[in-house]
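Worksheet for the structure shown next.
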Amino acid sequence: MSAPQSLEVTGTPTGGVDSPHAAAASPKPEQKSVKSTTGAVSKAAKAASGHKEHHKYKIPLASPDANLGVHIANRLVEIGCTTCFAVPGDFNLLLLDQLLKQPELNMVWCCNELNAGYAADGYARKRGVGCVCVTFCVGGFSAINAVVGAYSEDLPLIVISGGPNSQDHAANRILHHTTGLNEYGQQLRAFRECTCCQVVIQHIEDAHMLLDTAISEAMLRRKPVYIEVACNLADLTHPSFARPPVPYALAVSHTNQASLEAAVEASLEWLGRAVKPVLLQGVRTRPSRTRKAMLDLANSSRYPVAVMPDAKGFFPEDHPQFIGMYWGPVSSPCVCEVVESSDVVICVGGVWTDYSTTGYSLLLKPEKMIRVDGNRVTIGHGPTFGCIVMADFLEALAARVKPNDTGHVIFKRMVLPTTEPPPQQPGEMLRTNVLFKHIQHMLTPTTSLISEVGDSWFNTLKLKLPPGAEYELQMRYGSIGWSVGAVLGYSCAEKQTNPERRVVACIGDGSFQMTAQGPYNVIKNWDYTGLVRAFHNGQGKLWTAEDPGPVPLRILRFIHKARTETELEAAISEAVRRRGELCFIMAVTHRDDCSKELLEWGSRVAAANSRKPGAAQAGSGH
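Numbering (full-length UniProt numbering), first residue to last: 1 to 622.
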């Protein structure tokens, strides 16, 4: 056996929220045929697209005769996905053995497929792409809820499933882990509803093409894809990947210059007549180039800037023109009044659902909006200009817009300073607003805050993020329990990009029960008795072995229950001191102690859900 080789790639690595090369195109939910080809792109084309920062890096190959499984691992590392979340099963064991041969790919073994999918979701939010590997049917169907969430949230997720032996499809046999039929397409058909591309690899000859097609669709459309690999193919070699393969590259999106010029001219005409224009930033501005272009436009225009709830953290909250979160009646103080009274709102990357519109109760009307989506700009109810990359439009508009700070001046006159709740009395039951006062004090520029569905949303959205702090929530899909698995994935990504960062998750007890196995993913040898002791040892603390094992999180070593403000302060102080360790604080509040925003929002969403058939809906539906 000759010495291991390395594949040298010169170009712009794909993926990564913090990378200048993150895709700026909006997702296109239409499914793609597996016959499509990947678009290799030259350096000149990349330069023309605005991706000016190039990197040179090496991908070690396990051996000069890499097989299919190793080739899949190489491709994952090449696109920036250096962690794969997996649950072993007999249909994917051979594939997992091959993935382990790639030294740059970390395998994180998860407690169940749903948590593994949520972990891949969290990883994709930070790194730009995630991967989960499961076994056939019993694994795939278990993971599918997490995959649907990633589809809803526009996250590139690569789902790899082991499949039946390639000889079994024509053998008229009933297999285990299936529905008991001699036809094995049920899992594939299920994933067609929640992925933008599906490929089934049953022949080694076209594996290279199918794999690159699926990966390209995930990265370009920012949606999950499904790759099924027959269980007897993973260790086979083929000339297309038995030597260092052709470097992976993505076709870039290009802006039609005539359309861009017309869109900018039409927007400037509108803005020139506006008295108090406002910028509104939505979740589809996640790519970092788009965020930078948004910041440049804010600096040039001097318009007040509000963010939608699922875009919190995308715009620096210490910026002088940042006014807060726009969420209709549950907005930050005075933000709703400023946004809805504006005569022109430039909405960039917004997604309008019953949740984000508070039950369709917004007073913001489309006829007052310049809507900037991934590949088009729409002026009110008037013309739509297509084939425009979002960042290109923002950059062009920033270069020509005239400053107008009227809206920001109005906001500064209206808004009042916020005050903290006073200290509680000794022995008094912990209040929710006091709990989040202390969470606010925990936040630093190296904090990543993850918020679970429920009252955690409304309380964390009111917190002020220090410069550099990050924030994530699952707004559109809203699956309770999501954050438990997402914390694992996000933490793995943080460890690879910036080990000094720390993830803080706010999770309600009901949501935690849905995926409670997640934190114990790192307990050595599946010590379930340790789990029991963690909750019933009478001391509120658990000390376990020092050895963290091969996974990128330390073993759970600190658990504390806080019923009063004094107990909470002590618990947080100790948890902050224990950097690098997994800490669990159970904050006990009254069951009816919730934010007023939750009551307001819940009432309006419930009213929207209870409309009678044929009843018209007032407010903005966008």
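Just so you know, even glycine gets a beta-carbon here, dropped at the ideal spot from N, CA and C.
The C-beta distance from Val134 to Asn92 rounds to 7 Å, short enough to fall under 8 Å. The C-alpha of Asn498 is placed about 28 Å away from the C-alpha of Ala298. Note: Trp109 is bridge-paired with Ala86 in the DSSP secondary-structure output. The criterion of a C-beta distance shorter than 9 Å is satisfied by Leu157 and Pro224. When Asp90, Asn112 and Gly117 are compared, the shortest CA-CA separation from Tyr490 is found for Gly117. Nearest Cα to Ala66 within the set Thr82, Leu94, Gly122 and Gln102: Gln102. Leaving aside the five residues that flank Arg173 on each side, the residues in its chain whose CB is nearer than 7 Å to its CB run, in chain order, Asn182. Bridge partners of Ser448 according to DSSP: Glu470 and Val503. Beta-bridge partners of Ala587 (DSSP): Ala562. In the structure shown, Pro309 falls within a helical segment according to DSSP collapsed to helix, strand and coil. Boundaries of the alpha helix (DSSP H) harbouring Tyr151: Gly140 to Ser152, taken from the DSSP string. For Val129 and Thr378, the gap between their C-alpha atoms comes out near 29 Å. For Phe393, the uninterrupted alpha helix (DSSP H) run begins and ends at Met390 to Arg400, by DSSP. Pro613 and Val415 have their alpha carbons spaced roughly 41 Å apart. As for any beta strand (DSSP E) of minimum length 3 sitting wholly inside the UniProt domain "Thiamine pyrophosphate enzyme central" (265-397), the runs are 278-281, 305-307, 322-325, 345-348, 369-372, 376-379 and 384-386, ordered along the chain.
Relative to the Cα of Pro304, the nearest Cα in the group Phe558, Ala73 and Lys412 belongs to Lys412.
The alpha-carbon of Leu211 is positioned some 43 Å away from that of Met442.
Minimum Cα-Cα distance from Ser240 among the listed residues Trp352, Ala587 and Ile72 corresponds to Ile72. By the C-beta density criterion, Asn375 is buried, having at least 16 other C-beta atoms within 10 angstroms. Judged by DSSP in its simplified three-state form, Thr460 adopts helix. Beta-bridge pairing by DSSP links Ser161 to Val134 and Glu228. When DSSP states are grouped into helix, strand and coil, Thr213 belongs to the helix group. Taking a contact to require three or more Cβ pairs closer than 8 Å, the region 556-566 and the region 426-438 qualify as touching. Note on geometry: alpha-carbon atoms of Glu78 and Val229 lie some 20 Å from one another. If the five residues before and after Trp270 are omitted, its C-beta is found closer than 8 Å to the C-beta atoms of Val344, Ile370, Ile379 and Gly380, all from its own chain and listed in chain order. Counting along the chain, Gln187 sits inside the alpha helix (DSSP H) bounded by residues Gln186 to Arg192. Gly454 and Arg476 have their C-alpha atoms spaced approximately 13 Å apart. Under the DSSP definition of a beta bridge, Gln198 partners with Tyr226. Phe85 places its beta carbon 9 Å or farther from that of Ala263. For the pair of segments examined, the region 444-460 was found to touch the region 584-603: the number of CB pairs separated by less than 8 Å reaches three. Measuring C-alpha to C-alpha distances from Ala469 to each of Ser479, Lys312, Val576 and Gln281 identifies Lys312 as the nearest. Take the alpha-carbon of Arg611 and the one of Asp168: they are about 51 Å apart. In this structure Gln281 does not touch Arg302 by the C-beta definition: roughly 16 Å separates them, more than the 8 Å allowed.
The beta-carbon distance between Ala214 and His238, rounded to whole angstroms, is 17 Å. This is too long to meet the 8 Å contact definition. Counting C-beta pairs with one atom in each stretch, the region 108-126 and the region 146-161 have three or more that are closer than 8 Å, which means they touch.
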